[in-house]
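> For the sequence shown, position 73 (counting from the first letter as 1) is numbered 73 according to UniProt numbering, and the numbering increases by one without interruption.
Following this message is one structure expressed as structure tokens.
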Amino acid sequence: MDPQSHSQSPPPAAEDDPDAMPREQQQREEAPPGYVPPMSPEEVAAVEALLGYEFKDKSLVGEALTHGSFYLPYRSGDSTYERLEYLGDGVLTCLVSREVFLTYPDLPPGPLTRLRAANVDKEKLARVAVDHGINRFLRHKAPKLEEQIADFVKELGQYEYHSNGLLDAPKVLSDIVESLIGAIYVDSKYNQEQVWQVFRNLADPLISLETLGKHPVSELLEFGQKTGRIVDISKDGWVKDTKVDVFVDGVLVASATYAQKKEIASNRAAKAALDKLKEMSGQSDVQSAPAEAPEPLDELDHYGALELQ
């Protein structure tokens with residue numbers, strides 16, 4: 001008998017074994033505690049395609065998209081997006097300041113500041129992350145983050161440009177846009193024009209003077225000043241039942257609840273009150289109301305007030 005006939009065939013390759021451990025998990029098991037595997041070349045290339053920028057140092061992509069929770073159960077390591085986020089935040093503030101300054105040569109500092117803020121705030125940058133699918137490459141282990149992102153995406157379609165404080169954008173979404181901007185800034189040898197070209201494409205359309213909305217609390221307070229009515233936004237009940245009430249001339253006009261942040265509840269209550277006041281006055285914009293003696297609000301009793309979840 002041929003002795004070779006008793007020789008055993010080689011074991012199947014790992015990728016052919018259905019019970020084989022995934023490569024990333026295997027790397028974790030074999031690596032020292034706290035080890036974080038690099039992003040695959042395919043993932044890096046996909047991110048580069050989204051950004052329209054090819055990195056010389058590919059490791060910056062993984063660093064810019066790694067949340068501290070990705071290290072769990074170990075302590076967060078050095079390769080998280082925090083330092084790049086810090087840098088990107090500063091770079092974006094500078095570049096957008098320049099853009100609005102040059103675009104509106106006669107605009108005073110107040111409106112320029114509001115324009116800049118609207119284009120670099122948490123919600124605007126979170127929109128950029130979602131619109132381009134950047135959030136799909138975020139490396140994290142935060143248990144509720146995907147649910148928060150899904151809720152944000154679901155509500156986003158209600159507002160064409162910006163909700164002006166009505167939405168609670170997950171901060172991590174704006175963080176990774178800033179960190180990627182910081183990564184491009186470093187990788188391009190601090191070339192601001194290259195960074196601006198990438199961001200300008202991602203953030204299109206930028207919020208302009210024509211599309212800049214007004215914060216509902218500010219608008220409501222302005223309405224009170226112009227019409228001589230006393231507006232009171234009461235947050236006393238928020239700690240107990242996460243509710244904020246809006247009173248006009250002592251009459252409850254609207255309420256809103258939001259458990260996560262008092263500020264969001266206040267904004268939603270103010271918006272609901274504005275909508276109710278517009279409905280009552282028959283005006284499309286309460287800002288245009290004449291500064292004359294206010295009409296009584298007796299017809300709007302406690303039970304006629306709006307409540308917004």
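In this text, a Cβ means the ideal position worked out from N, Cα and C, and glycines have one as well.
(1) Round the Cβ separation of Leu-84 and Ala-183 to the nearest angstrom and send it over; I've been treating them as touching at under 8 Å.
(2) Less than 8 Å between C-beta atoms, sequence neighbours within five positions excluded: which residues of the same chain meet that for Cys-94?
(3) Whose C-beta lies closer than 6 Å to the C-beta of Arg-139 among residues of the same chain, with five residues either side of it excluded?
(4) Do Phe-223 and Leu-277 have their C-beta atoms closer together than 8 Å?
(5) Just to confirm before moving on: does the CB-CB distance between Glu-63 and Tyr-81 stay below 8 Å?
(6) Using the three-state DSSP reduction, which class does Leu-252 fall into: helix, strand or coil?
(7) Would the beta-carbon of Ala-142 fall within 8 Å of that of Leu-173?
(8) Starting from Asp-232, trace the beta strand (DSSP E) in both directions and tell me its first and last residue.
(9) Cα-Cα, which of Pro-37, Phe-55, Val-36 is closest to Ala-45?
(10) If distances are taken between C-alpha atoms only, which option among His-162, Ile-181, Arg-229 comes closest to Glu-210?
(11) Please state whether DSSP places Phe-247 in a helix, a strand or coil.
(12) Between which two residues does the alpha helix (DSSP H) carrying Arg-98 extend?
(13) Over what stretch of residues does the alpha helix (DSSP H) that includes Ile-207 continue unbroken?
(14) For Ala-31, count neighbouring C-beta atoms within 10 Å of its own C-beta (all shown protein chains included) and say buried if the count is 16 or more, exposed if not.
(15) Look up Thr-242 in the DSSP assignment and say whether it is helix, strand or coil.
Considering the structure as presented:
(1) Locating residue 84 in the sequence shown gives position 84, counting from the first residue. Locating residue 183 in the sequence shown gives position 183, counting from the first residue. With 8 Å as the limit, Leu-84 and Ala-183 qualify as a contact, their Cβ atoms being about 5 Å apart.
(2) Mapped onto the sequence shown, residue 94 falls at position 94. Here the set comprises Gln-192.
(3) Your numbering for residue 139 matches position 139 in the sequence shown. Result list for Arg-139: Leu-65, Thr-66, Phe-70, in chain order.
(4) Here residue 223 refers to the residue found at position 223 when the sequence shown is read from its first residue. Here residue 277 refers to the residue found at position 277 when the sequence shown is read from its first residue. In contact: Phe-223 and Leu-277 (Cβ atoms closer than 8 Å).
(5) Residue numbering aside, residue 63 sits at position 63 when the sequence shown is read from its first letter. Residue numbering aside, residue 81 sits at position 81 when the sequence shown is read from its first letter. It is a contact, given that the beta carbons lie within the stated cut-off.
(6) As a first step, residue 252 must be located in the sequence shown, where it is residue number 252. Reduced to three states, the DSSP call for Leu-252 is strand.
(7) In the sequence shown, the residue the question calls residue 142 occupies position 142. In the sequence shown, the residue the question calls residue 173 occupies position 173. In this structure, Leu-173 does not lie closer than 8 Å to Ala-142 by Cβ.
(8) The count along the sequence shown starts at 1 and reaches residue 232 at position 232. Asp-232 -> beta strand (DSSP E) spans 231-234.
(9) Translated into positions along the sequence shown, residue 45 becomes position 45. The option with the nearest alpha carbon to Ala-45 is Phe-55.
(10) Within the sequence shown, numbered from 1, the residue matching residue 210 stands at position 210. For the residues His-162, Ile-181, Arg-229, the minimum Cα distance to Glu-210 belongs to His-162.
(11) For the purposes of this step, residue 247 is taken as residue 247 along the sequence shown, with counting starting at 1. Note: Phe-247 maps to strand in three-state DSSP.
(12) On the sequence shown, position 98 is the one that residue 98 refers to. It spans 82-103 - the alpha helix (DSSP H) in which Arg-98 sits, taken as one unbroken run.
(13) On the sequence shown, position 207 is the one that residue 207 refers to. Element bounds for Ile-207: n/a, residue is neither H nor E.
(14) Here the question's residue 31 lines up with position 31 in the sequence shown. Because Ala-31 carries a pLDDT of 48, less than 50, the predicted location of this residue cannot be relied on, and no value is offered for it.
(15) Numbered from its first residue, the sequence shown carries residue 242 at position 242. Three-state result, Thr-242: coil.
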